[in-house]
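To keep things clear, I will list the structure first and then write my remarks on it.
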Amino acid sequence: YLRFVARAKGVKNLAQEVDRVMDLTQIADVRDRLIRNLSKGYRQRIGIAQAMIGDPKVLILDEPMVGLDPQQIIEVRDLILDLKQSHTVILSSHILPEIQSVCDRVVVLNEGSLVADDTPEHLSAKLSAASRLRLRVAAPAESVIQLLKTIRDVETVTQQNPQEPGCCELLIEAAQGSDIRRAVFCRLSERQYPILYMALEEMTLESIFLSLTGNG
41 YLRFVARAKG VKNLAQEVDR VMDLTQIADV RDRLIRNLSK GYRQRIGIAQ AMIGDPKVLI
101 LDEPMVGLDP QQIIEVRDLI LDLKQSHTVI LSSHILPEIQ SVCDRVVVLN EGSLVADDTP
161 EHLSAKLSAA SRLRLRVAAP AESVIQLLKT IRDVETVTQQ NPQEPGCCEL LIEAAQGSDI
221 RRAVFCRLSE RQYPILYMAL EEMTLESIFL SLTGNG
């Protein structure tokens, strides 16, 4: 199959080029087997190998991770990360966590229209309606919630399922652009309420997509 593709592309050093793409995609060990008898992961690698024949500057990969098991996803993801060092890789996929793990730039299409074109980080910053802070405190939930609501820019405090005995788990939403971490620390310290966990929550690509397409 790879030799056929190489001939169709007019590759001169056919055998050398086929060996090159097989080595890069790690499929040389199955070179004498029928494609139909190979696993989904190997078939995806073969598809990428044929796209690489002729060493094009741009590679367009359509759903390269669909139908793969977790180990195969890791292998194909690592291969794409290697390819992007020397190629422009355009990746089309509905597996959004994988897009977020390998892509430097995201283009979102909705019903044929372009609705976003930016880095995942910039999209998250633009679309976050409020600063979200996750907090775990070794103290009664009601007392902590009442205290946090006295902090300027805090809009809502929502209790979550506790992760540790004797602790409360909270999600705080603050006004856009505000950083309330220092104020939270100081206010809880005044009451000697130990903070066991505090972290800003970033929007995932999945939540960004739902927001941009009007489904979030």
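Take the sequence shown: its letter number 105 is residue 145 in our numbering, and every next letter is one higher. Beta carbons are placed, not taken as given, at the ideal position from N, Cα and C, and that holds for glycine.
Taking 8 Å as the upper bound for CB-CB distance, Leu-121 and Val-155 are not in contact here, some 27 Å apart. Rounded to whole angstroms, the gap between the alpha carbons of Pro-202 and Tyr-233 is 16 Å. Under the three-state reduction of DSSP output, Gln-111 falls in the helix class.
Taking all protein chains in view, the Cβ of Gly-81 is crowded by 16 or more other Cβ atoms within 10 Å, so the residue is classified as buried. Per DSSP, the unbroken beta strand (DSSP E) holding Tyr-237 starts and ends at 235-240. Ranked by how close their Cα comes to the Cα of Val-116, the residues Gly-94, Ser-79, Val-98 and Gly-152 have Ser-79 in first place. Distance from the CA of Ser-218 to the CA of Pro-205, rounded to the nearest whole angstrom, comes to 31 Å. By alpha-carbon distance to Val-194, the top candidate from Glu-182, Val-70 and Ala-215 is Ala-215. As the crow flies, the alpha-carbon of Pro-110 is around 21 Å from that of Val-70. The beta-bridge partner set that DSSP reports for Glu-209 consists of Arg-176 and Gln-200. The beta carbon of Ile-67 sits closer than 7 Å to the beta carbons of Tyr-82, Arg-85, Ile-86 and Ala-89 from its chain, once the five residues preceding and following it are set aside; these are given in chain order. Setting aside the 5 residues that flank it on each side, Leu-210 is surrounded in the same chain by Arg-174, Leu-175, Arg-176, Val-177, Ala-181, Val-184, Ile-185, Leu-188, Val-197, Thr-198, Gln-199 and Gln-200, each with a C-beta closer than 8 Å to its C-beta; the list follows chain order.
Here Ala-48 is exposed. Its C-beta has fewer than 16 other C-beta atoms within 10 Å. Judged by DSSP secondary structure, Leu-54 falls outside any beta strand (DSSP E) and instead within the alpha helix (DSSP H) spanning 54-65.
The Cβ-Cβ distance between Ser-133 and Glu-161 does not fall below 8 Å. In the three-state reduction of the DSSP assignment, Asp-144 falls in the coil class, being assigned neither a helical nor a strand state.
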